[in-house]
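Some notes on the structure that comes next.
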């Protein structure tokens, strides 16, 4: 085919193009040869001589699409309720697919428009804000069609259409289902049309739009036409729940009902609306169903924590977490309860070092498990647990005396390290690791080191240690917790006893060689200079 530009009779060509356009926009079948001829006609119109007629073609397409949209609008305005919603979706589905086909058919015209737009931008004569509403002939044909549908059809229909959609959603909220005429698929289809109609078919423009919204499709039109009305209706619905439906409920059943309703609302949004609405609905639920009832929930907070009502505690955390001002109430009650539980443990085991340490270990494990299971590993609750345990561990019965934890923990470790205690080396290593957890909470670690040095030296000199490997392992654990400086003295003691054992062995071997006998046990002791 000869692609050389030539003179074109616009009216003759347009009559054929209009016939195809009207068929495509209604999704009527056309023959392949017709498509090919139209494709060529569009090219020759755009490059015609003596003057290109691309702008004239664009305006003709625009008028034809506007006329088609106006006809659809008039037919839909005669309908109401479910019939309107269903008919709208049918028409949109055809129009949407037809617009994409037209965009492809008018591909060369789109390229011409893009070139004109780039030239205009380079000369600073192009107003980008006008593009989105089709005021300038720089929109691709598909995007032009969407602009016409948006402004010429959705806006006039919105009062009736959106009102009915929100009414249907209200019926769904109150227990309605598709079996009584609620068209979930139609609601979803109409909602997505409010989003899709604001997006671009052209890849270059689509990329630009996505960049403008940080990768999220632009939803301004959807928010204006539908979402703000939906959120207003949702606010009224949630206020009715708190003032009427849930008003008679005590705190724990109320929390259960709110969580159930929040989950239902989340599911409703996921089924019907655009995903950008979900966080807004969740925030609205938190504000109206939780924050406005915070006093009611806070009163129950202490009882739920102290009675360890785990199911209700999980519900309370779930509801309070999204509120920046509410979670500290629960966190403080949790911290107070841990501290009180720890103090009770200390009072009942004040004279038994092993039981004293074991109870604190159990307390730490119990509440660590609660944080993982109930509070989802929340770091703020971990910090609250740390503060409470630290307070318990460093408690002073007498303000003039140091805390007893350093002595008791050392006696417990000494108990584990000595021989003939009926435990395997692996079991003792596990218990030592748990001891390090408590050790980390001790404020006066110098006092702890003083006790540890004394008891370690007794074990080493008298050969009372269950395992030298365990002694070395424990020193390494403390080094990991506090650094080399803290354990340097302990390491020297351990090194001294190792050298002493080696020297003693060599001394006895030499005694045997020289056949020297003595009834006095001799040990060669080594002490490294500080």
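Residue numbers (UniProt numbering): 1 to 530. No residue lacks a Cβ here, since even glycine has one placed at the ideal position from N, Cα and C. Please read these numbers as outputs of a predicted model, since none were measured by experiment.
Could you check how far apart the C-beta atoms of residue i and residue j are, in whole angstroms? I think they sit under 8 Å.
{"i": "residue 16", "j": "residue 44", "result": "Going by Cβ atoms, the distance from residue 16 to residue 44 rounds to 12 Å, so no, they are not a contact pair."}
{"i": "residue 360", "j": "residue 438", "result": "6 Å"}
{"i": "residue 142", "j": "residue 109", "result": "Going by Cβ atoms, the distance from residue 142 to residue 109 rounds to 11 Å, so no, they are not a contact pair."}
{"i": "residue 186", "j": "residue 89", "result": "5 Å"}
{"i": "residue 188", "j": "residue 266", "result": "Not confirmed; about 16 Å, so no contact."}
{"i": "residue 234", "j": "residue 284", "result": "6 Å"}
On a CA-only basis, which of the options is nearest residue i? Give me that one, please.
{"i": "residue 454", "options": "282, 494, 264, 430", "result": "494"}
{"i": "residue 442", "options": "408, 95, 256, 469", "result": "408"}
{"i": "residue 190", "options": "374, 91, 108", "result": "91"}
{"i": "residue 328", "options": "284, 258, 262, 382", "result": "382"}
{"i": "residue 276", "options": "456, 222, 425, 112", "result": "222"}
{"i": "residue 325", "options": "475, 423, 287", "result": "287"}
{"i": "residue 389", "options": "368, 60, 351, 115", "result": "368"}
{"i": "residue 198", "options": "235, 151, 160, 184", "result": "151"}
{"i": "residue 116", "options": "105, 99, 331, 140", "result": "140"}
{"i": "residue 486", "options": "201, 238, 449, 228", "result": "449"}
{"i": "residue 104", "options": "74, 39, 95", "result": "39"}
{"i": "residue 167", "options": "220, 196, 236, 111", "result": "236"}
{"i": "residue 42", "options": "106, 422, 231", "result": "106"}
{"i": "residue 460", "options": "414, 434, 484, 424", "result": "414"}
{"i": "residue 169", "options": "85, 220, 95", "result": "85"}
{"i": "residue 225", "options": "243, 195, 94", "result": "195"}
{"i": "residue 480", "options": "518, 517, 436, 462", "result": "436"}
{"i": "residue 29", "options": "60, 94, 484", "result": "94"}
{"i": "residue 303", "options": "330, 400, 60", "result": "330"}
{"i": "residue 21", "options": "424, 220, 100", "result": "100"}
Within the same chain, show all residues whose beta-carbon is closer than 7 Å to that of residue i, passing over the 5 residues directly before and after it, in chain order.
{"i": "residue 428", "result": "416, 466, 470"}
{"i": "residue 310", "result": "374"}
{"i": "residue 193", "result": "92"}
{"i": "residue 451", "result": "406, 407, 410"}
{"i": "residue 305", "result": "313, 333, 334, 337"}
{"i": "residue 69", "result": "148, 149, 152, 153"}
{"i": "residue 229", "result": "162, 166"}
{"i": "residue 13", "result": "41, 45"}
{"i": "residue 79", "result": "87"}
For residue i, which residues in the same chain have their Cβ closer than 6 Å to its Cβ, ignoring the five residues on either side in sequence?
{"i": "residue 65", "result": "145, 148"}
{"i": "residue 353", "result": "408, 411, 412"}
{"i": "residue 356", "result": "349, 408"}
{"i": "residue 391", "result": "339"}
{"i": "residue 432", "result": "474"}
{"i": "residue 47", "result": "5"}
{"i": "residue 8", "result": "44, 45, 48"}
{"i": "residue 135", "result": "Note on residue 135: pLDDT 49, under 50, position unreliable in the model; no value is reported."}
Does DSSP put residue i in a helix, a strand or coil?
{"i": "residue 465", "result": "strand"}
{"i": "residue 396", "result": "coil"}
{"i": "residue 216", "result": "Reliability of the predicted coordinates at residue 216 is poor, the pLDDT of 47 falling under 50, and the value obtained from them is presented with this limitation in mind. Of the three classes helix, strand and coil, the one that applies to residue 216 here is coil, per DSSP."}
{"i": "residue 418", "result": "strand"}
{"i": "residue 516", "result": "coil"}
{"i": "residue 375", "result": "coil"}
{"i": "residue 267", "result": "helix"}
{"i": "residue 26", "result": "coil"}
{"i": "residue 344", "result": "helix"}
{"i": "residue 173", "result": "helix"}
{"i": "residue 179", "result": "Confidence in residue 179 is poor, its pLDDT being 47 and thus under 50, which makes the residue's placement unreliable; the coordinate value appears in the next sentence. In the structure shown, residue 179 sits in a helix (DSSP, three-state: H, G or I)."}
{"i": "residue 423", "result": "coil"}
{"i": "residue 4", "result": "coil"}
{"i": "residue 404", "result": "coil"}
{"i": "residue 9", "result": "coil"}
{"i": "residue 78", "result": "coil"}
{"i": "residue 155", "result": "helix"}
{"i": "residue 133", "result": "The predicted position of residue 133 is uncertain, since its pLDDT is 48 and thus under 50; no value can be drawn from it."}
{"i": "residue 365", "result": "helix"}
{"i": "residue 242", "result": "helix"}
{"i": "residue 476", "result": "helix"}
{"i": "residue 322", "result": "coil"}
{"i": "residue 441", "result": "coil"}
{"i": "residue 292", "result": "helix"}
{"i": "residue 358", "result": "helix"}
{"i": "residue 308", "result": "coil"}
{"i": "residue 53", "result": "coil"}
Residues in its own chain within less than 8 Å of residue i by CB, not counting five upstream and five downstream?
{"i": "residue 444", "result": "394, 402, 403, 406"}
{"i": "residue 396", "result": "402, 403"}
{"i": "residue 98", "result": "24, 25, 26, 27, 145"}
{"i": "residue 239", "result": "288"}
May I ask whether a heavy atom of the ligand SAH can be found less than 7 Å away from the beta carbon of residue i?
{"i": "residue 87", "result": "No copy of the ligand SAH appears in this structure; indeed no ligand is present at all."}
Self-check item: At least 3 beta-carbon pairs within less than 8 Å: the segment 314-323 vs the segment 361-368
Solution: no
Quiz item: Should the segment 336-348 be regarded as contacting the segment 279-288, the criterion being three or more beta carbon pairs within less than 8 Å?
Solution: By the Cβ rule, the segment 336-348 does not count as touching the segment 279-288, because fewer than three pairs are nearer than 8 Å.
Quiz item: Contact between the segment 150-160 and the segment 44-59: three or more CB pairs below 8 Å?
Solution: no
Quiz item: Quick one: any contact between the segment 246-253 and the segment 294-302, if contact means 3 or more CB pairs under 8 Å?
Solution: Yes: at least three Cβ pairs fall under 8 Å.
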